[in-house]
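Asks: Just passing along the structure, written as structure tokens.
Laid out in structure tokens, this is it:
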């Protein structure tokens, strides 16, 4: 009779300090199967949106995510503006673009630091998080907030970018671009980094597409798909930029993709600042939205973000659906983990840049002995670093 | 050079030929990058298969919602920047429709979410188990159904505990 031992070790999680649960089936050091369970941070926002006005909803949408709050409100305001058949002033579209790209830089710096931490490269973690302060200060200078910038309103943006702020942004992003080029060099030269990322968490292009992956996770598997280029919104149709792809299909390729995206974002911001049209930054709109159905998409830092609005000629939506990028990448993540080492779990999970929301638990099942045990985040991380040292 | 809107209407025309024009209930292309389609629920698999063959290989999301017509299920399929929203309607009394996981394995999570929040049953799905609601969530409460107002849900949950 197989003896099953369960050791609950607190609801905590492997890669980020956020709540999701994966049930791993392992054979020795190999992961055989993964079953994800999410929803620990499910707050019923879609239901709540139906009982609030469009103006109130703006505040709720801003709080879907701590990092990509601007991406969500851009998607939301676009949907409402399309239903209203309102054109947003060009200057507002440029400001939305600038904040969106600063948000992307913020996200990618944060992500690189977290990944470095997961693989035990804490020097890089300290460096990237130090530099992240620059972009957070810029966002504070523009919006007044370091996170949850609340720049979007229905019909435009809340604040203008003055020439002084504009020159501060130029100075700041120049530093960020230089630093990121250096980190990319570090990530592609440094032996320990390469050992932990090359051929780890492989996701073939075919699987990435059939499993509905989006964003840098998809582009690092050599699929050129980016909402900014394919279905342009804000001012992206007027700004030249490259869609970064990589054909490595592994974690190293995800690192390179995000590093290059930061450099590309810096170019977008500088172009937008140099070519910003003059004029107003908002239009006054009706509070009642005519009956319509609208699908709105934006390229959030983590990938395609889709919102669906069904309006019914009241001041509240009949239905508002949100599909954030992490849900789209979850199936692909499970695919990456299967066949890999236990010790690579934290880095691979961090690799998709997941955004759930606060703590979690890992359960391991050894298929040979039927033994089950739980590990908390730090234990798995320590195991991973130790295991790789011994190899 | 044909315009995007013409291309869109050609796609819809070909779909109509494939599934039979009586099964194509309505369609619109409010702007060049969007197509909204409604097909008979019995033709869902055929319609999705046709669209994947046409190059709509990215399943962006599945939206479920309750309206006067019943429960609407909308499949958002992308081909580059062009997005098709394919709608089928099922009755509230019999909310069953086939799964599309054989075409898009990645649809499994989206269907589980719609199952939990709206009580839609995707027949043939490999495992319609809870995804986002708590383990102890009472059976039969589908929070996105209109009859379950926030007050009703709160009352029911308080009674359960």
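Chains as they are written, first to last, in the numbering used here: chain X, 6 to 396; chain U, 94 to 254.
By construction, the Cβ of each residue, glycine as well, lies at the ideal position given by its N, Cα and C atoms.
Being a predicted model, the structure only gives us computed values, none of them experimental.
With DSSP as the reference, identify every bridge partner of residue 319 of chain X, one or two as the case may be.
Replies: Indexing the first chain from 1 puts residue 319 of chain X at position 314. In the DSSP output, where bridge partners are listed per residue, residue 319 of chain X has X:294.
Asks: Return the chain-ordered list of same chain residues with a C-beta closer than 7 Å to the C-beta of residue 336 of chain X, the five sequence neighbours on each side being excluded.
Replies: As a position in the first chain, residue 336 of chain X is number 331, starting the count at 1. Taken in chain order, the residues that qualify are 216 and 217.
Asks: Nearest to residue 214 of chain X by alpha carbon, out of U:233, U:223, U:199 and U:112?
Replies: The residue given as residue 214 of chain X occupies position 209 in the first chain. The residue with the shortest Cα to Cα distance from residue 214 of chain X is U:199.
Asks: In three-state terms, what does DSSP make of residue 160 of chain X?
Replies: Mapped onto the first chain, residue 160 of chain X falls at position 155. Three-state result, residue 160 of chain X: coil.
Asks: Using a Cβ-Cβ cutoff of 8 Å, what residues of the region 249–264 of chain X are near chain U? List them in chain order.
Replies: Here the close residues number zero.
Asks: I'd like the span of the alpha helix (DSSP H) that includes residue 126 of chain X, first residue to last.
Replies: Position 121 of the first chain, counting from 1, holds the residue named residue 126 of chain X. Element bounds for residue 126 of chain X: n/a, residue is neither H nor E.
Asks: Just mark residue 383 of chain X as buried or exposed, buried being the case when its beta carbon has 16 or more other beta carbons within 10 Å.
Replies: Taking the first chain and counting its residues from 1, the one referred to as residue 383 of chain X is at position 378. Exposed, because fewer than 16 other Cβ atoms sit within 10 Å of the Cβ of residue 383 of chain X.
Asks: What does residue 32 of chain X pair with, by DSSP beta-bridge criteria?
Replies: Position 27 of the first chain holds residue 32 of chain X. According to DSSP, which records beta bridges pairwise, residue 32 of chain X is partnered with X:35.
Asks: Just to check my reading of the structure: residue 265 of chain X and residue 249 of chain X have Cβ atoms closer than 8 Å, yes? What is that Cβ distance to the nearest angstrom?
Replies: One-based indexing of the first chain puts residue 265 of chain X at position 260. One-based indexing of the first chain puts residue 249 of chain X at position 244. So it is a contact: roughly 4 Å between Cβ atoms.
Asks: List the endpoints of the continuous alpha helix (DSSP H) containing residue 186 of chain X.
Replies: The count along the first chain starts at 1 and reaches residue 186 of chain X at position 181. 168–194 is the extent of the alpha helix (DSSP H) around residue 186 of chain X.
Asks: Taking contact to mean at least 3 C-beta pairs separated by less than 8 Å, is the region 304–314 of chain X in contact with the region 35–43 of chain X?
Replies: Not touching, per the Cβ criterion.
Asks: Using a Cβ-Cβ cut-off of 8 Å, state whether residue 8 of chain X counts as contacting chain U.
Replies: The residue labelled residue 8 of chain X in the question sits at position 3 within the first chain. With a pLDDT of only 31 at residue 8 of chain X, under the threshold of 50, the placement of this residue in the model should not be trusted; the figure read from the coordinates follows. Not an interface residue.
Asks: Measuring only the C-alpha atoms, how far is residue 14 of chain X from residue 27 of chain X?
Replies: Residue 14 of chain X sits at position 9 when you count from the first residue of the first chain. Residue 27 of chain X sits at position 22 when you count from the first residue of the first chain. Because residue 14 of chain X carries a pLDDT of 30, less than 50, the predicted location of this residue cannot be relied on, and no value is offered for it.
Asks: Span of the alpha helix (DSSP H) holding residue 215 of chain X?
Replies: In the first chain, the residue the question calls residue 215 of chain X occupies position 210. It spans 210–215 - the alpha helix (DSSP H) in which residue 215 of chain X sits, taken as one unbroken run.
Asks: Under 9 Å Cβ-Cβ, which residues of chain U neighbour residue 38 of chain X?
Replies: As a position in the first chain, residue 38 of chain X is number 33, starting the count at 1. Those within 9 Å of residue 38 of chain X in chain U number zero; the least Cβ separation is about 13 Å.
Asks: Measure the C-alpha to C-alpha separation of residue 238 of chain X and residue 115 of chain X and round it to an integer number of angstroms.
Replies: Against the first chain, residue 238 of chain X aligns to sequence position 233. Against the first chain, residue 115 of chain X aligns to sequence position 110. Their backbone Cα atoms lie some 25 Å apart in a straight line.
Asks: If we count Cβ pairs, one from each stretch, closer than 8 Å, do we get three or more for the region 174–194 of chain U versus the region 113–129 of chain U?
Replies: Contact between the region 174–194 of chain U and the region 113–129 of chain U is present, because at least three Cβ pairs lie under 8 Å.
Asks: Taking Cβ-Cβ distances below 7 Å as the criterion, which residues of the region 195–229 of chain X are in contact with chain U?
Replies: Of all residues in the region 195–229 of chain X, 214, 215, 216 and 217 have a Cβ within less than 7 Å of some Cβ in chain U.
Asks: Quick one: does residue 97 of chain U have its CB under 8 Å from some CB of chain X?
Replies: Stepping through the second chain from its first residue, residue 97 of chain U is reached at position 4. Cβ-Cβ to chain X under 8 Å: no for residue 97 of chain U.
Asks: By Cβ distance, which residues of its chain are closer than 6 Å to residue 258 of chain X, with the 5 residues on each side in sequence left out?
Replies: Translated into the one-based positions of the first chain, residue 258 of chain X becomes position 253. Around residue 258 of chain X: 225 and 251.
Asks: List, in chain order, every chain U residue whose beta-carbon is nearer than 7 Å to that of residue 311 of chain X.
Replies: Within the first chain, residue 311 of chain X is the residue found at index 306, counting from 1. 153, 154 and 169, listed in chain order.
Asks: Cβ closer than 7 Å: which chain U residues qualify as neighbours of residue 316 of chain X?
Replies: Numbered from its first residue, the first chain carries residue 316 of chain X at position 311. Residues of chain U passing the Cβ test: none, with the nearest at roughly 12 Å.
Asks: How would you label residue 187 of chain U, buried or exposed, when you count the other beta carbons within 10 angstroms and need 16 or more for buried?
Replies: Here residue 187 of chain U is taken as the residue at index 94 of the second chain, counted from 1. Classification for residue 187 of chain U: exposed.
Asks: Can you list the residues of chain U that residue 235 of chain X reaches, using a CB-CB cut of under 7 Å?
Replies: The sequence position of residue 235 of chain X within the first chain is 230, counting from 1. Under the 7 Å cutoff, chain U gives 173 and 174.
Asks: Which bits of chain U does residue 336 of chain X rub up against, with CB to CB less than 8 Å?
Replies: Translated into positions along the first chain, residue 336 of chain X becomes position 331. Going along chain U in sequence order, the residues near residue 336 of chain X (Cβ under 8 Å) are 198, 199, 201 and 202.
Asks: If we count Cβ pairs, one from each stretch, closer than 8 Å, do we get three or more for the region 121–132 of chain X versus the region 307–323 of chain X?
Replies: At 8 Å Cβ cutoff, the stretches do not touch.
Asks: Exposed or buried, residue 136 of chain U, counting other C-beta atoms within 10 Å across all chains shown (16 or more means buried)?
Replies: Locating residue 136 of chain U in the second chain gives position 43, where the first residue counts as 1. The residue is buried, with at least 16 neighbouring Cβ atoms inside 10 Å.
Asks: With H, G and I counted as helix, E and B as strand and the rest as coil, what does DSSP make of residue 310 of chain X?
Replies: Numbered from its first residue, the first chain carries residue 310 of chain X at position 305. The answer is strand: DSSP assigns residue 310 of chain X an E or B state.
Asks: Please list, in chain order, the chain X residues whose beta carbon lies closer than 7 Å to that of residue 224 of chain U.
Replies: Residue mapping note: residue 224 of chain U aligns to position 131 of the second chain, counting from 1. Those within 7 Å of residue 224 of chain U in chain X are 43 and 44.
Asks: Can you grab the Cα-Cα spacing for the pair residue 202 of chain U / residue 211 of chain U, in whole Å?
Replies: Counting from 1 along the second chain, the entry for residue 202 of chain U is found at position 109. Counting from 1 along the second chain, the entry for residue 211 of chain U is found at position 118. Residue 202 of chain U and residue 211 of chain U: Cα-Cα distance of roughly 14 Å.
Asks: From residue 262 of chain X to residue 352 of chain X, what does the alpha carbon distance come to, in whole angstroms?
Replies: By 1-based counting over the first chain, the position of residue 262 of chain X is 257. By 1-based counting over the first chain, the position of residue 352 of chain X is 347. Each residue's Cα considered, the two are about 16 Å apart.
Asks: Check whether chain X comes within 8 Å of residue 247 of chain U, counting only Cβ atoms and requiring the distance to be less than that.
Replies: By one-based count along the second chain, residue 247 of chain U stands at place 154. No, no contact with chain X.
Asks: Spatial neighbours of residue 278 of chain X within its chain, please: CB distance less than 8 Å, with the 5 preceding and 5 following residues excluded, ordered by chain position.
Replies: The count along the first chain starts at 1 and reaches residue 278 of chain X at position 273. Excluding residues within five positions, the ones whose Cβ falls inside 8 Å are 103, 166, 171, 174 and 175.
Asks: Do we get a CB-CB distance below 8 Å when we pair residue 136 of chain U with the residues of chain X?
Replies: Counting from one through the second chain, the residue named residue 136 of chain U turns up at place 43. No, its Cβ sits nowhere closer than 8 Å to a Cβ of chain X.
Asks: Step through the CB atoms of chain X and report whether any lies within less than 8 Å of the CB of residue 110 of chain U.
Replies: Residue mapping note: residue 110 of chain U aligns to position 17 of the second chain, counting from 1. It does not; no Cβ of chain X falls within 8 Å.
Asks: Would residue 273 of chain X count as contacting chain U if we go by Cβ distances under 8 Å?
Replies: The count along the first chain starts at 1 and reaches residue 273 of chain X at position 268. No - not a single Cβ of chain U is within 8 Å of the one on residue 273 of chain X.
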